[in-house]
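Student: Take this structure, written in structure tokens, and hold onto it; I'll ask about it next.
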């Protein structure tokens with residue numbers, strides 16, 4: 027039976043949000059994940075190649091993946107709101123997953139700006155059980171909210187990330203409270219150039235490890 031793929035609109039606080047819901051390629055879903063894209067003012071959309079690979083890796087690990095465009099991006103209504111409104115958009119997407127899959131634990135995953143969105147979201151709600159933060163930009167100020175995330179935090183970082191250099195990121199990661207985990211992917215830049223397949227495998231591996239740890 028073909029997996030479910032559905033284009034939809036999620037009702038957000040600033041209007042409707044364009045979204046894409048995809049179920050796993052095989053088996054019954056074991057988690058539901060909202061997946062957040064990079065900065066909307068720098069070309070970020072839910073179709074970004076890293077976000078696509080992030081969602082696909084999660085699906086391979088048994089997750090439902092809900093990608094969406096923040097307010098003001100493509101067919102989503104509203105205007106950019108400095109990361110705060112975008113966090114509210116992610117909360118609305120999470121609510122959509124809760125309604126559709128009430129029996130599943132919820133995961134929040136995001137790339138770059140999206141990693142900040144999902145970590146901020148996890149600091150504000152107990153609904154998020156786990157977080158995957160990809161390409162977290164340590165050179166962006168205001169990181170205090172990350173220290174209030176007490177669920178498992180899985181970071182995936184490029185070895186040559188210009189927005190989160192290795193030494194700088196390592197120091198930041200060491201300062202975070204547990205539970206936490208870090209995967210380095212040997213790549214050319216922030217966007218995992220020449221290493222997207224390895225990145226996707228890391229996502230899938232993390233997904234399966236977390237399910238095993240939860241007794242799934």
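Residue numbers (this note's numbering): 27 to 242.
By construction, the Cβ of each residue, glycine as well, lies at the ideal position given by its N, Cα and C atoms.
#1: Should residue 140 be labelled buried (16 or more other beta-carbon atoms within 10 Å of its own) or exposed?
#2: Could you say if the stretch 178–194 and the stretch 151–168 meet the contact criterion of at least three C-beta pairs nearer than 8 angstroms?
#3: Reducing DSSP to helix, strand and coil, say where residue 30 ends up.
#4: Starting from the C-beta of residue 193, find all residues in its chain whose C-beta is less than 8 angstroms away, skip the five residues before and the five after it, and write them out in chain order.
#5: How many angstroms separate the CA atom of residue 79 from the CA atom of residue 226?
#6: Do residue 57 and residue 133 have their beta-carbon atoms positioned less than 8 angstroms apart in this structure?
#7: Among 229, 42, 231, 199, which residue has its Cα nearest to the Cα of residue 98?
#8: Could you give the distance in angstroms between the alpha-carbon of residue 60 and the alpha-carbon of residue 91?
#9: Once the 5 residues before and after residue 219 are set aside, which same chain residues still bring their CB inside 8 angstroms of it?
#10: According to DSSP, simplified to helix, strand and coil, what is residue 164?
#11: Is the beta carbon of residue 102 closer than 8 angstroms to that of residue 32?
#12: What does DSSP give as the partner residue(s) for residue 38 in the beta ladder?
#13: Whole angstroms are fine: how far does the CA of residue 88 sit from the CA of residue 29?
#14: Strictly by DSSP, which residues pair up with residue 115?
#15: With distances taken from CA atoms, which of 138, 121, 136, 231 is nearest residue 130?
#16: Less than 7 angstroms separating the Cβ of residue 153 from some heavy atom of the ligand HEM?
Tutor: The relevant details are as follows:
#1: Counting Cβ neighbours within 10 Å, residue 140 comes out buried, since at least 16 surround it.
#2: Result yes; three or more Cβ-Cβ pairs closer than 8 angstroms.
#3: For residue 30, the three-state secondary structure derived from DSSP is coil.
#4: Within the same chain, residue 193 has no close Cβ partners at all.
#5: Each residue's Cα considered, the two are about 6 angstroms apart.
#6: Residue 133 places its beta carbon less than 8 angstroms from that of residue 57.
#7: Residue nearest to residue 98 within the set 229, 42, 231, 199 is 42 (criterion: CA-CA distance).
#8: Rounded to whole angstroms, residue 60 to residue 91 spans 6 angstroms at the Cα level.
#9: Exclusion of the five residues before and after residue 219 leaves 213 as the residues of its chain whose Cβ lies within less than 8 angstroms of its Cβ.
#10: Coil.
#11: No, Cβ-Cβ distance for residue 32 and residue 102 is not below 8 angstroms.
#12: According to DSSP, residue 38 bridges with 41.
#13: Rounded to whole angstroms, residue 29 to residue 88 spans 12 angstroms at the Cα level.
#14: DSSP output for residue 115 lists no bridge partner at all.
#15: Just measuring C-alpha positions, the residue of 138, 121, 136, 231 sitting nearest residue 130 is 121.
#16: This structure simply doesn't include the ligand HEM, nor any ligand for that matter.
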